[in-house]
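First to last, the sequence lines map onto chains A and B. In case it helps, my numbering puts the first sequence at residues 1 to 168. In case it helps, my numbering puts the second sequence at residues 1 to 280. Comments concern the structure below.
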Amino acid sequence: MTHQEKQKAFVAMIKQHERLILKVCALYTNSCRSELSDLYQDAVCALWESYDSFKGQSKPSTWIYSVTRYTMIKSSRRHRLETTSISSVDVENIASEGNDSDVLDELRQAIAALPPDDRDVFVMWMEGFNPGEIGETLGLSYGTVATRITRIKIKLRRLLKDYKEVVR
Amino acid sequence: MKKNDEIEKLYGRFSKEMENIPLPSEDELMQMLDRHDAQGVRQVPFVPVRRRRTPWRYAVAAMVAGALFVFGWLLWPQGGSPSPMVAEQAESGEQKAESGRTTQDSIIPATIAEPEIIKPRQLASREAGNGERKAESEKPTADSAVRQEIVVPVVLPAEQLPALAETEPADTTAAPQPSAVDSTATSPKPEHEIDDYPERPTIKETEDIIKQENSQRALRKRKLSGKIKSHDKDGKSFIDKQKNEKDGVRVVTPKSTPPPSAPMPHYIPMGNGQNRIIWY
Numbered sequence: 001m002t003h004q005e006k007q008k009a010f011v012a013m014i015k016q017h018e019r020l021i022l023k024v025c026a027l028y029t030n031s032c033r034s035e036l037s038d039l040y041q042d043a044v045c046a047l048w049e050s051y052d053s054f055k056g057q058s059k060p061s062t063w064i065y066s067v068t069r070y071t072m073i074k075s076s077r078r079h080r081l082e083t084t085s086i087s088s089v090d091v092e093n094i095a096s097e098g099n100d101s102d103v104l105d106e107l108r109q110a111i112a113a114l115p116p117d118d119r120d121v122f123v124m125w126m127e128g129f130n131p132g133e134i135g136e137t138l139g140l141s142y143g144t145v146a147t148r149i150t151r152i153k154i155k156l157r158r159l160l161k162d163y164k165e166v167v168r
Numbered sequence: 001m002k003k004n005d006e007i008e009k010l011y012g013r014f015s016k017e018m019e020n021i022p023l024p025s026e027d028e029l030m031q032m033l034d035r036h037d038a039q040g041v042r043q044v045p046f047v048p049v050r051r052r053r054t055p056w057r058y059a060v061a062a063m064v065a066g067a068l069f070v071f072g073w074l075l076w077p078q079g080g081s082p083s084p085m086v087a088e089q090a091e092s093g094e095q096k097a098e099s100g101r102t103t104q105d106s107i108i109p110a111t112i113a114e115p116e117i118i119k120p121r122q123l124a125s126r127e128a129g130n131g132e133r134k135a136e137s138e139k140p141t142a143d144s145a146v147r148q149e150i151v152v153p154v155v156l157p158a159e160q161l162p163a164l165a166e167t168e169p170a171d172t173t174a175a176p177q178p179s180a181v182d183s184t185a186t187s188p189k190p191e192h193e194i195d196d197y198p199e200r201p202t203i204k205e206t207e208d209i210i211k212q213e214n215s216q217r218a219l220r221k222r223k224l225s226g227k228i229k230s231h232d233k234d235g236k237s238f239i240d241k242q243k244n245e246k247d248g249v250r251v252v253t254p255k256s257t258p259p260p261s262a263p264m265p266h267y268i269p270m271g272n273g274q275n276r277i278i279w280y
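Right, here's the structure in full:
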């Protein structure tokens, strides 16, 4: 396989799972909508760098999820260390987003309140992975994943209720 | 597991919102990857950090060790004799003391008396009294202002003492001190006869004192532990109880707890130094 062919195969795979990459970028970082495209590009570069290590033993979505999640965790750590000043451009961006980011904020608030392990389980479950795949990726058994999903749902329901009360 | 609840709905809304965000097309992605490849793999320049840092560490450690060694050599006494720095400090201390003392001497010149012969034992007792004398000398009195004498103590070995003691002149100017050598005596006493200490108690007296102290300590301990009580539970004094027991009347104090139902071991002396255990 030539370099060009490899690149084409990779791009096709990315295009197939681009929304998954974007969602992981949005849920694992506290970035605004304008920053999401940058994070997406970072994730794609990281995936391209580790594309040679993908042997095709697992589903491409599982591999993409794992690499993107790791990249976003690393990125959020870096962001935490950096001190960024809010410029006038950022303020305009935030103002223009308006109510569109309400849903995102609401879900982010709820998901951020979850422990990291539970967050992984929940996001993967929501993205349509079955408990077996989730367990394979996170090193958990089928039963554990199923139990966790039920508990996370209860927890999230309570958190969202509190959040709504605070908003009102 | 059902997905039709609020959380799923919310996630669905979130997914829809994510679909509205524009993402790069295939061509753009290809260009991006080409650019990424053109930049090359991010290579961290190899810096042998340890090798670069190690000489500095060694240099700093060597400097610290050297400084410690030099200070230690200067401050530590060598072979019993004080080190140069300590000797200098001691000299400077003496000079300071002298300069402090000679404020009055500068007005009236002091006369140097003849060297006094002091035995090692006397020197110890004199040093003990030095503190008091210093305190006295600091106070300006009329007498001290008129005349002050510097006494230079000289310590001689014990072999030379009898010979020198015979030729010693009577020291009239020096203040009376507790010295073993009596200037008025015709011949000096041998060293083993000189006794500066008060009378010691005899061995018997010492034993009595120790016994008394021990008994007092034991009494105090028993009092503290609450073993000694003046009255028992019934209000009877212990003195009466002891008296009754002596007279043959046995005083039985009722036990607060009833006897246990379980068999208890009872030790019956057999006469040959052993006990027989009977359980009942």
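No residue lacks a Cβ here, since even glycine has one placed at the ideal position from N, Cα and C. These numbers were taken from a predicted model, which means no experiment stands behind them.
Nearest-angstrom Cβ-Cβ length linking residue i and residue j, presumed shorter than 8 Å
{"i": "A/Ile73", "j": "A/His17", "result": "A/Ile73 to A/His17, Cβ: 19 Å. No contact."}
{"i": "A/Ala110", "j": "A/Leu160", "result": "5 Å"}
{"i": "B/Ile21", "j": "A/Arg33", "result": "7 Å"}
{"i": "B/Ser15", "j": "A/Lys23", "result": "7 Å"}
Environment of residue i [buried if 16+ CB atoms lie within 10 Å]
{"i": "B/Val69", "result": "Before going further, note that residue 69 of chain B is Phe rather than Val in the sequence given. Label assigned to B/Phe69: exposed."}
{"i": "B/Tyr267", "result": "exposed"}
{"i": "A/Tyr28", "result": "buried"}
{"i": "B/Glu205", "result": "exposed"}
{"i": "A/Phe181", "result": "Nothing in the structure corresponds to residue 181 of chain A, since chain A is present only between 1 and 168."}
{"i": "A/Leu47", "result": "buried"}
{"i": "A/Met124", "result": "buried"}
{"i": "A/Met1", "result": "exposed"}
{"i": "B/Pro55", "result": "exposed"}
{"i": "A/Gly135", "result": "buried"}
{"i": "B/Leu219", "result": "exposed"}
{"i": "B/Pro263", "result": "exposed"}
{"i": "A/Ile154", "result": "exposed"}
{"i": "A/Leu36", "result": "buried"}
Pair within 8 Å by beta-carbon distance, residue i and residue j
{"i": "A/Asp117", "j": "A/Thr71", "result": "no"}
{"i": "A/Val11", "j": "B/Leu10", "result": "no"}
{"i": "B/Met18", "j": "A/Ala26", "result": "yes"}
{"i": "B/Trp279", "j": "B/Pro265", "result": "yes"}
{"i": "A/Glu127", "j": "A/Lys59", "result": "no"}
{"i": "A/Thr137", "j": "A/Thr68", "result": "no"}
{"i": "B/Glu6", "j": "A/Arg157", "result": "yes"}
{"i": "A/Ile152", "j": "A/Leu107", "result": "no"}
{"i": "A/Gln7", "j": "B/Leu23", "result": "no"}
Boundaries of the beta strand (DSSP E) in which residue i is found, first to last residue
{"i": "B/Asn275", "result": "Asn275 to Trp279"}
{"i": "B/His266", "result": "Pro265 to Pro269"}
Partners in chain B for residue i, counting only beta-carbon separations shorter than 7 Å
{"i": "A/Gln172", "result": "The requested residue 172 of chain A does not occur in the structure, where chain A is confined to residues 1 to 168."}
{"i": "A/Met126", "result": "Tyr11"}
{"i": "A/Arg148", "result": "None at all; the shortest Cβ gap to chain B is about 11 Å."}
{"i": "A/Arg157", "result": "Glu6 and Ile7"}
Terminal residues of the alpha helix (DSSP H) in which residue i lies
{"i": "B/Ile7", "result": "Glu6 to Glu19"}
{"i": "A/Gly135", "result": "Pro131 to Leu138"}
{"i": "A/Phe122", "result": "Pro116 to Met126"}
{"i": "A/Tyr28", "result": "Glu18 to Tyr28"}
{"i": "B/Asp27", "result": "Glu26 to Gln39"}
{"i": "B/Arg222", "result": "Ile203 to Ser225"}
Neighbour list for residue i in chain A, Cβ cutoff strictly below 8 Å
{"i": "B/Leu23", "result": "Glu18, Leu22, Ser37 and Tyr40"}
{"i": "B/Leu29", "result": "Val11, Ile14, Lys15 and Val44"}
{"i": "B/Met18", "result": "Arg19, Leu22, Lys23 and Ala26"}
Closer than 9 Å at the beta carbon, the chain B residues around residue i
{"i": "A/Trp63", "result": "Residues of chain B passing the Cβ test: none, with the nearest at roughly 17 Å."}
{"i": "A/Gln109", "result": "Per Cβ cutoff of 9 Å: no residues; A/Gln109 is ~11 Å from chain B at best."}
{"i": "A/Leu160", "result": "Glu6, Ile7 and Leu10"}
Where residue i meets chain B, residues with beta-carbon distance less than 8 Å
{"i": "A/Glu106", "result": "Leu10"}
{"i": "A/Gln57", "result": "What A/Gln57 touches in chain B: nothing, since even the nearest Cβ is about 24 Å away."}
{"i": "A/Arg33", "result": "Ile21"}
{"i": "A/Leu140", "result": "Those do not exist, as A/Leu140 stays about 16 Å from chain B at its closest Cβ, beyond 8 Å."}
The ligand MN heavy atom lying under 7 Å from the CB of residue i
{"i": "B/Asn214", "result": "The model on display carries no ligand, and the ligand MN is accordingly not part of it."}
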